[in-house]
Amino acid sequence: MTPRTMKPSDGIAWVTGGSSGIGAALACRLASQGWTVAISARRKDKLEEVTSFSGKGRIIAVPVDLTDAKAVEAAIAGLEEREGPIALAVLNAGIYLPVQAEAPKFEDYRKTFEVNLSGTAACICALTPRMSARKTGQIAIVSSATSFGGMPTASAYGASKAALVNMAACLRIELHRHGVLVQAITPGFVETPAQDDNAFPKPFMVSAETAARRIASGLKSKRFEITFPRRFTWALKAMYALPYGWSLPLVRKQTGWDKPV
Ligand SMILES: NC(=O)c1ccc[n+]([C@@H]2O[C@H](COP(=O)([O-])OP(=O)(O)OC[C@H]3O[C@@H](n4cnc5c(N)ncnc54)[C@H](OP(=O)(O)O)[C@@H]3O)[C@@H](O)[C@H]2O)c1
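The numbering of the sequence shown is this note's numbering, which starts it at 33 and goes up by one.
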């Protein structure tokens, strides 16, 4: 079975990190297209706020800490029993903890990898056996433009996001013959609570609603990468296509990390 994009008649959608930012906006966008959308995150009160959406489809809260793989498996089993098969999954939950290279904290690396990588892996482990058995499904993993190459303060976050693109590429190759479509999402800057601690200049930042619109549109295509805003992400890709000897000093200059301390 050749993988194809999913539609509401194929089953429900599951969006992780649905309690705020991009995930909450995407859940509303998908619900307005007629999907039943299950949203997961840890904060029940925030999830409940998002479920108050009223429109064509509906949003239901499935609170779970994604770093607990057994809880994720139980949540997905229960969800599918109640609401039917998950046709579309957007694995969006993630954290950004800036790491200062001159005084790094191991805990920041550990937490970043635990949520961004292990949390996504827990979702994959719950999803792909079910989708492969059904010979259909669509999974999109939210990475970041930070995955393209080195950025200051991103030695934990950027490493986790680069690993997620690689994870998505491996899964796309393997799951193709099982009829499951896998995509990677690489946004530039999006205005969300995650950006509150980011002191960086944020060129071409888009709203969470714009990000949700771009993602929802990308989910209707079979292309591997959904990236936006392209005037930023394509320029970044072009810069990282240069030899490291050129691109890394350029990033240092562009970000202000060329100034003496
Ligand atoms: N904002 C940007 O500029 C930008 C750019 C590129 C990529 N991204 C990526 O987009 C995704 C969404 O980020 P955002 O900007 O929308 O940030 P956000 O508003 O902080 O949302 C992050 C979401 O992840 C959830 N989450 C965190 N830890 C979790 C855990 N252990 N278990 C379950 N859920 C957890 C949070 O919910 P709880 O706290 O309730 O658990 C929240 O719903 C992230 O993967 C981020 O890396 C963001």
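Idealized CB from N, CA, C, for every residue including glycine.
Because the structure is a prediction, the values reported are computed rather than measured.
Alpha-carbon to alpha-carbon, residue j and residue i
i      : j      : result
Lys167 : Thr160 : 10 Å
Ser176 : Lys269 : 12 Å
Leu251 : Gly169 : 12 Å
Glu105 : His208 : 23 Å
Thr356 : Cys155 : In this structure the chain extends from 33 to 293, so residue 356 is not present and cannot be described.
Cys60  : Glu81  : 11 Å
Gly277 : Ala267 : 18 Å
Ile127 : Thr218 : 15 Å
Trp289 : Asn198 : 28 Å
Val174 : Leu129 : 16 Å
Phe145 : Ala101 : 14 Å
Residue i, DSSP secondary structure in three states
i      : result
Leu282 : helix
Glu134 : coil
Arg263 : helix
Pro219 : strand
Val94  : coil
Ala327 : Any answer about residue 327 is impossible in this case: the structure gives the chain only from 33 up to 293.
Ser239 : strand
Gly277 : helix
Gly151 : helix
Leu213 : strand
Gly169 : strand
Under 9 Å between C-beta atoms of residue i and residue j
i      : j      : result
Gln65  : Gly50  : no
Ala243 : Ala57  : yes
Ala70  : Glu115 : yes
Gly211 : Pro95  : no
Thr83  : Leu123 : no
Gly182 : Leu280 : yes
Ile247 : Leu213 : no
Val238 : Phe256 : no
Span of the alpha helix (DSSP H) around residue i
i      : result
Ile127 : Per DSSP, Ile127 belongs to no alpha helix (DSSP H) and is neither H nor E.
Gly53  : Gly53 to Ser64
Ala194 : Tyr189 to Leu207
Ala186 : Note, Ala186: premise wrong, no alpha helix (DSSP H); not H, not E.
Thr178 : No alpha helix (DSSP H) contains Thr178, which DSSP labels as neither H nor E.
Gly110 : Ala101 to Glu115
Whole-Å CB distance - residue i paired with residue j, under 8 Å assumed
i      : j      : result
Gly25  : Thr224 : The question about residue 25 has no answer, for the chain in this structure spans 33 to 293.
Gln227 : Phe221 : 7 Å
Thr48  : Ala125 : 4 Å
Gln215 : Ala201 : Incorrect: roughly 10 Å between the Cβ atoms, too far for contact.
Ala188 : Val147 : The Cβ separation is near 11 Å, so there is no contact.
Ala165 : Ala119 : That belief does not hold up - the Cβ atoms of Ala165 and Ala119 are roughly 14 Å apart, past 8 Å.
The beta strand (DSSP E) enclosing residue i, as first and last residue numbers
i     : result
Ala45 : Ile44 to Thr48
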